[in-house]
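Taking the numbering used here, the leading residue of the sequence shown gets 1, the next gets one more, and so forth.
Quick reminder that beta carbons are idealized off the backbone N, C-alpha and C, glycines included.
Bear in mind the structure is a predicted one, so any value in this text is a computation, not a measurement.
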Amino acid sequence: MRIDILTLFPEMFTPLQHSIVGRAVKNELLQLNIKNIRDYTGPKHGLTDDKLYGGGAGMVMKPEPLFEAVADLRRSPKARVIITSPAGRLFDQQAAQELSQAEQLIFICGHYEGIDQRVEDALATDVFSIGDFVLTGGELPAMVMADSVVRLLPGALGHDESSQEESFGEDMKGLLEYPQYTRPPVFDGREVPPVLLGGNHEEISRWRREQSLRRTWERRPELLREAALTQSDLQLLADCQAERRGRGQVWLALVHYPVYNKKHEVINTSITNLDIHDIARACATFGLAGYFLVQPAAGQQELIGSLLKHWQYGFGARYNPDRHEALSKISLCASLAEAQAAIEQQTGQKPQLVATSARPTPGMQGYAEMRRQIAEADEPYLLVFGTGWGLTDELLAEADWVLRPVYGVDDYNHLSVRSAVSIILDRLFGEARESKASRD
Ligand code: 21W
């Protein structure tokens, strides 16, 4: 493979001459050519950068020297021309794998505010960023990408390195690495996990897999969606979730009063059978601790009461035990304050109030942040949903947080409260329940 790097700062690339990349050059697996863009400015203009059209601070790299340089360095029409840019596609292992198949890579390192767009339009086969953080230029990203590509070239890794690669096999794909230890067995009072000293390889494998799963669940839960998980993996992840829930449990309340009607008047809505059942089942699915129906009207309370009796204790309980389990989480109360008091009595702590609204509200909370917060919390949470045209402004003002509306593609939002509950519970708690491929 041939790699050309076009940069305004060739001296920055000395680290690339060492280690695996340096050895690949020595062993002639790689031809590495680091070229100063200034060499292509010619006597006439002499400049590599210029002011922005349209105004704005900073300078942009001019197209002419880059067109010259690529024309000079290109050895094949199939060469990949890669621009480094914070606005690029995210570089990952799959991209590295793909680039490692090419005969020639030409990296163009952006610097200053970036590169004239025509370079990308006419020359680039790829535009890559290495992550969502701000650097001073594309030199380090080019080195990062070149490093990850070169180590994939056949023969680039020594025997030891590649066999290590192989032992970190297929089944660990998509999971974070397990912790590793070496001698001494006790350092500064910290022990190596005894299972690793025991020599039981089956037990060691099991321990390592469990550590990988726990780490991934803790640090990169989104990876679990794509990982190949066995039934026992799923069981372990369920245990992780249960352990976490034991600390900060979450309840849900469906408020029938006070809510708005279409005309923004405060009303009391009627209970609906579908809301009771579907929300109870969603709560059971996502492991919520309980589901409060907030309904102060005596007649309505009686109606719910007899409905619940049927499913919780009566014929329905025996006829459909799964439904019984979901509905057993329901309790009835006359006000939200009553629900809060019930949670406080059960846990010894006041629940944090998280309201939901289909109307944008000042200081709304995003889902990723809320999810993390609840996951790390030691105190109970109460998620509050309104029926009718939504929770009153007074109730929203009382909440510790208000979640953002569940937007679709535009601001059309006619979700039923049942649908909103399912979507929001999935955003806050849904993970690790989906696996692309089950291995057993
Ligand atoms: C940082 C250039 C900020 C430009 C409108 C258009 C390459 C990089 C870079 C840099 C800006 C990569 C603007 C992860 C990175 C890189 C330098 C600001 C303002 N406004 N991967 N342009 N992070 N960074 N641009 O920073 O060149 S790959």
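For residue i, the first and last residue of its enclosing alpha helix (DSSP H)
{"i": "Leu215", "result": "Residue identity differs from the one stated: residue 215 is Arg in this sequence, not Leu. Counting along the chain, the alpha helix (DSSP H) containing Arg215 begins and ends at His201 to Arg219."}
{"i": "Trp311", "result": "Ala298 to Gln312"}
{"i": "Tyr367", "result": "Tyr367 to Glu376"}
{"i": "Phe429", "result": "Val417 to Phe429"}
{"i": "Val149", "result": "Glu139 to Val150"}
{"i": "Ala282", "result": "Asn273 to Thr285"}
{"i": "Ala326", "result": "Pro321 to Leu327"}
{"i": "Leu176", "result": "Careful: Leu176 lies outside any alpha helix (DSSP H) and carries neither H nor E."}
DSSP state of residue i mapped onto helix, strand, coil
{"i": "Cys109", "result": "coil"}
{"i": "Arg190", "result": "strand"}
{"i": "Gly88", "result": "strand"}
{"i": "Gly316", "result": "helix"}
{"i": "Thr347", "result": "helix"}
{"i": "Met61", "result": "strand"}
{"i": "Leu237", "result": "helix"}
{"i": "Val406", "result": "coil"}
{"i": "Leu252", "result": "strand"}
{"i": "Val134", "result": "coil"}
{"i": "Arg244", "result": "helix"}
{"i": "Gly22", "result": "helix"}
{"i": "Thr269", "result": "coil"}
{"i": "Pro79", "result": "According to the sequence provided, residue 79 is Ala. The question's Pro does not apply to it. In this structure, Ala79 counts as coil in the three-state DSSP scheme."}
{"i": "Thr230", "result": "coil"}
Contacts around residue i, its chain only, beta-carbon distance under 7 Å, and the 5 residues preceding and following it disregarded
{"i": "Ile424", "result": "Thr356, Leu403 and Val406"}
{"i": "Trp217", "result": "Leu224, Leu237, Cys240 and Ala432"}
{"i": "Gln317", "result": "Inspection of the sequence shows that residue 317 is occupied by Ala rather than by Gln. Closer than 7 Å at Cβ, skipping near neighbours: Trp311 and His324."}
{"i": "Pro360", "result": "Pro405"}
Own chain, CB closer than 8 Å to residue i, minus 5 neighbours either side, in chain order
{"i": "Met370", "result": "Val354, Trp401, Leu403 and Leu428"}
{"i": "Gly441", "result": "The structure shown has nothing for residue 441, since the chain only spans 1 to 440."}
Run of the beta strand (DSSP E) containing residue i, from where it starts to where it stops
{"i": "Phe292", "result": "Gly290 to Val294"}
{"i": "Asp49", "result": "Asp49 to Lys51"}
{"i": "Lys262", "result": "Here Lys262 belongs to no beta strand (DSSP E), and DSSP marks it neither H nor E."}
{"i": "Val127", "result": "Asp126 to Ser129"}
{"i": "Val384", "result": "Tyr381 to Gly386"}
{"i": "Arg2", "result": "Arg2 to Thr7"}
{"i": "Leu396", "result": "No beta strand (DSSP E) contains Leu396, which is instead part of the alpha helix (DSSP H) from Asp393 to Glu398."}
{"i": "Ala334", "result": "Unbroken run through Ala334: none, as it is neither H nor E."}
{"i": "Leu353", "result": "Gln352 to Thr356"}
Cβ-based neighbour list, residue i, same chain, cut-off 6 Å, excluding 5 preceding and 5 following
{"i": "Ile3", "result": "Leu32, Leu105 and Ala146"}
{"i": "Gln17", "result": "none"}
{"i": "Gly363", "result": "none"}
{"i": "Gly110", "result": "Thr84, Ser85 and Gly138"}
Fill in: Validate contact between the region 327-337 and the region 287-298 using beta carbons, cut 8 Å, 3 pairs
With three or more CB-CB distances shorter than 8 Å, the region 327-337 counts as touching the region 287-298.
Three or more beta-carbon pairs under 8 Å between the region 301-314 and the region 345-353, yes or no?
The region 301-314 makes no contact with the region 345-353: fewer than 3 CB pairs, one atom from each, lie closer than 8 Å.
ask   = If you pair each beta-carbon of the region 172-190 with each one of the region 46-54, do three or more pairs fall below 8 Å?
value = The region 172-190 vs the region 46-54: no contact.
- Are there three or more Cβ pairs, one per stretch, closer than 8 Å when the region 12-24 is compared with the region 70-83? Contact fails: fewer than three Cβ-Cβ distances are below 8 Å.
Under 8 Å, with one C-beta from each stretch per pair, do the region 119-132 and the region 149-160 reach the 3-pair mark? No, the region 119-132 is not in contact with the region 149-160.
- Please confirm if the region 356-368 is in contact with the region 275-290, defined as three or more CB-CB distances below 8 Å between the two stretches. Contact between the region 356-368 and the region 275-290 is absent, because fewer than three Cβ pairs lie under 8 Å.
| message | Between the region 199-216 and the region 249-256, can you find at least three pairs of beta-carbon atoms closer than 8 Å? | response | No, the region 249-256 does not touch the region 199-216.
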